[in-house]
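Engineer: In this note's numbering, the protein residues as written are 720 to 1057.
1. From the DSSP output, which residues share a beta bridge with residue 723?
2. I need the boundaries of the beta strand (DSSP E) containing residue 911, first residue and last residue.
3. Is the distance from the Cβ of residue 961 to the Cβ of residue 925 below 9 Å?
4. Going by the CB atoms, is the gap between residue 845 and residue 770 shorter than 9 Å?
5. Can the beta-carbon of residue 966 be found less than 9 Å from the beta-carbon of residue 981?
6. List the DSSP bridge partners of residue 1038.
7. Could you spell out the range, first to last residue, of the alpha helix (DSSP H) harbouring residue 764?
8. With a cut-off of 8 Å on the beta carbons, I'd call residue 764 and residue 852 a contact; round off their distance for me.
9. Helix, strand or coil, according to DSSP, for residue 900 in the structure here?
10. Here's a check: name, in chain order, each residue in its chain whose Cβ is nearer than 6 Å to the Cβ of residue 730, leaving out the five neighbours to either side.
11. Please name the residue in 725, 724, 758 and 740 whose C-alpha comes closest to that of residue 1042.
12. Assuming residue 735 contacts residue 728 under a Cβ cut-off of 8 Å, what Cβ separation, rounded to an integer in Å, is found between them?
13. What is the DSSP secondary structure of residue 798, reduced to helix, strand or coil?
14. Quick one: grab the DSSP three-state call for residue 844.
15. For residue 793, would you say it is in contact with chain D, using Cβ-to-Cβ distances shorter than 9 Å as the test?
16. Figure out for me which residue from 1039, 866 and 1035 has the closest Cα to the Cα of residue 798.
17. Taking the alpha-carbon positions, what's the residue 1040 to residue 858 distance?
18. Here's a check: name, in chain order, each residue in its chain whose Cβ is nearer than 6 Å to the Cβ of residue 737, leaving out the five neighbours to either side.
19. With a CB to CB cut of under 6 Å and the five nearest residues on each side skipped, what residues in its chain are close to residue 808?
20. What's the gap between the Cα of residue 723 and the Cα of residue 850?
21. Answer yes or no: do residue 932 and residue 888 have a C-beta to C-beta separation smaller than 9 Å?
22. Under a Cβ-count criterion, where at least 16 other Cβ atoms within 10 Å of its own Cβ denotes burial, should residue 791 be classed as buried or exposed?
23. Confirm, please, whether the CB-CB distance from residue 895 to residue 1079 is below 9 Å.
24. What does the alpha-carbon distance come out to for the pair residue 972 and residue 983?
25. Please list the terminal residues of the continuous alpha helix (DSSP H) segment that includes residue 981.
26. Could you tell me which residues DSSP pairs with residue 783 in its beta bridges?
27. Where are the alpha helix (DSSP H) runs, 4 residues long or more, that stay fully inside the segment 988-1035, in chain order?
28. Which residue marks the beginning of the alpha helix (DSSP H) containing residue 868, and which one marks its end?
29. Measuring only the C-alpha atoms, how far is residue 943 from residue 793?
30. Going by DSSP, what residue range makes up the alpha helix (DSSP H) through residue 935?
31. From residue 838 to residue 905, what distance separates their C-alpha atoms?
32. Going by DSSP in three states, residue 738 sits in which element: helix, strand or coil?
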């Protein structure tokens, strides 16, 4: 199987030769072309070329079309800082008062140049790369809201002014729906939603305010023939039994979460993908440690349909031999049944 066949088969519930490798390598891809992080975030074509090279050399089953979590918020007016050697950050949020949400108009992809560039990069990879699908990032509504208002501020607002926060989340979700349609129009087959700020909210808040929006987003992907994946960082133990109802076929699980208990809680409603420590088990160790860490999680997870990778994005200068060890472990795991 090539990567396209492997991903299509796995998402359709079939048996693959090797478990798909969906490791979020992040800016590790810049090691292949030598671009700095400012170029990586601003030049989507160079980002895509780096990601194609990385996908082949690291035996990934997707070409990562992503750089940072600030694109949508930039479109809503947040001021973004672009350092050469760090990922972009929000310098100044778009609104300093949640009540100003009423002044914000819903943005379309055509209003947000850097978001549109991800659509162009997706189309570019679809045309250039015959064996590996691009998988394109959409930032989840709560994380965009945190970058539009400020993370601490939006968390306080969610308690004091929940209706205003809901209005902001609804507007942001409309942007995401437009983004999905634009990606579908160029032939995108896979997307992932990263919503790390959502993992900071309690399960009751997630169920009432975020889950309906995640459902809307993932239903739009399904309607447009796009395979879906949800990524939420941190300890999502209490949220997973709820988030598995969102419609994403695959949900990433970070290292702070008990993976086996999560598998039990989700009970097959989504395929969980995790969950070794990206720092201790990949960045700060040798390749053999990385491989063994994956094997150990897989051993504990026998009997469940699951995938295995670091629980979150890898640091830029992670050793490539350690990342390659993830594929080596997946190949060995796939041979356990033979």
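Cβ atoms here follow ideal geometry from the backbone N, Cα and C, with glycine treated the same way.
Structural biologist: In this structure, then:
1. Along the chain shown, read from residue 1 onward, the residue named residue 723 stands at position 4. According to DSSP, which records beta bridges pairwise, residue 723 is partnered with nothing at all.
2. Stepping through the chain shown from its first residue, residue 911 is reached at position 192. Start and end: 909-913.
3. As a position in the chain shown, residue 961 is number 242, starting the count at 1. As a position in the chain shown, residue 925 is number 206, starting the count at 1. Result yes, Cβ atoms of residue 961 and residue 925 sit closer than 9 Å.
4. Position 51 of the chain shown holds residue 770. Position 126 of the chain shown holds residue 845. Taking 9 Å as the Cβ cut-off, residue 770 and residue 845 do not qualify as a contacting pair.
5. Position 247 of the chain shown, counted from the start, is the residue given in the question as residue 966. Position 262 of the chain shown, counted from the start, is the residue given in the question as residue 981. Not a contact, by the Cβ cut-off of 9 Å.
6. Residue mapping note: residue 1038 aligns to position 319 of the chain shown, counting from 1. Bridge partners of residue 1038: none, in fact.
7. Stepping through the chain shown from its first residue, residue 764 is reached at position 45. Looking at the DSSP string, the run of the alpha helix (DSSP H) that includes residue 764 is 763-776.
8. Here residue 764 refers to the residue found at position 45 when the chain shown is read from its first residue. Here residue 852 refers to the residue found at position 133 when the chain shown is read from its first residue. Incorrect: roughly 18 Å between the Cβ atoms, too far for contact.
9. On the chain shown, residue 900 is found 181 positions in, with the first residue counted as 1. Correct three-state label for residue 900: helix.
10. As a first step, residue 730 must be located in the chain shown, where it is residue number 11. Taken in chain order, the residues that qualify are 946 and 968.
11. Position 323 of the chain shown, counted from the start, is the residue given in the question as residue 1042. Taking only the C-alpha atoms, the option nearest residue 1042 is 740.
12. Walking along the chain shown from the start, residue 735 turns up at place 16. Walking along the chain shown from the start, residue 728 turns up at place 9. Contact holds; Cβ gap of about 5 Å.
13. On the chain shown, residue 798 is found 79 positions in, with the first residue counted as 1. Strand.
14. Taking the first residue of the chain shown as position 1, residue 844 is located at position 125. DSSP places residue 844 in helix when its eight states are reduced to three.
15. The structure shown contains no chain D, having only a single protein chain.
16. Looking up residue 798 in the chain shown gives position 79. Among 1039, 866 and 1035, the Cα nearest to that of residue 798 is on 866.
17. Translated into positions along the chain shown, residue 1040 becomes position 321. Translated into positions along the chain shown, residue 858 becomes position 139. For residue 1040 and residue 858, the distance between alpha carbons rounds to 29 Å.
18. In the chain shown, the residue the question calls residue 737 occupies position 18. Correct list, in chain order: 1049, 1050 and 1053.
19. Position 89 of the chain shown holds residue 808. So the qualifying residues of the chain are 800.
20. Sequence index remark: in the chain shown, residue 723 carries index 4 (1-based). Sequence index remark: in the chain shown, residue 850 carries index 131 (1-based). One C-alpha to the other measures close to 6 Å.
21. Looking up residue 932 in the chain shown gives position 213. Looking up residue 888 in the chain shown gives position 169. Taking 9 Å as the Cβ cut-off, residue 932 and residue 888 qualify as a contacting pair.
22. Locating residue 791 in the chain shown gives position 72, where the first residue counts as 1. Label assigned to residue 791: buried.
23. As displayed, the chain neither begins before 720 nor continues past 1057, which places residue 1079 out of reach and without an answer.
24. Within the chain shown, the letter at position 253 stands for residue 972. Within the chain shown, the letter at position 264 stands for residue 983. Their Cα atoms are separated by approximately 13 Å.
25. Start at 1 with the first residue of the chain shown, and residue 981 comes out as number 262. Where residue 981 is concerned, the enclosing alpha helix (DSSP H) stretches over 978-985.
26. If you number the chain shown from 1, residue 783 lands on position 64. Per DSSP, 854.
27. 1006-1019
28. Your numbering for residue 868 matches position 149 in the chain shown. Looking at the DSSP string, the run of the alpha helix (DSSP H) that includes residue 868 is 860-868.
29. Translated into positions along the chain shown, residue 943 becomes position 224. Translated into positions along the chain shown, residue 793 becomes position 74. Answer to the nearest angstrom: the Cα atoms are 26 Å apart.
30. Here residue 935 corresponds to residue number 216 of the chain shown, with the count starting at 1. Taken as a continuous stretch (DSSP letters only), the alpha helix (DSSP H) holding residue 935 covers 930-942.
31. Mapped onto the chain shown, residue 838 falls at position 119. Mapped onto the chain shown, residue 905 falls at position 186. One C-alpha to the other measures close to 8 Å.
32. Position 19 of the chain shown, counted from the first residue, corresponds to residue 738. Correct three-state label for residue 738: coil.
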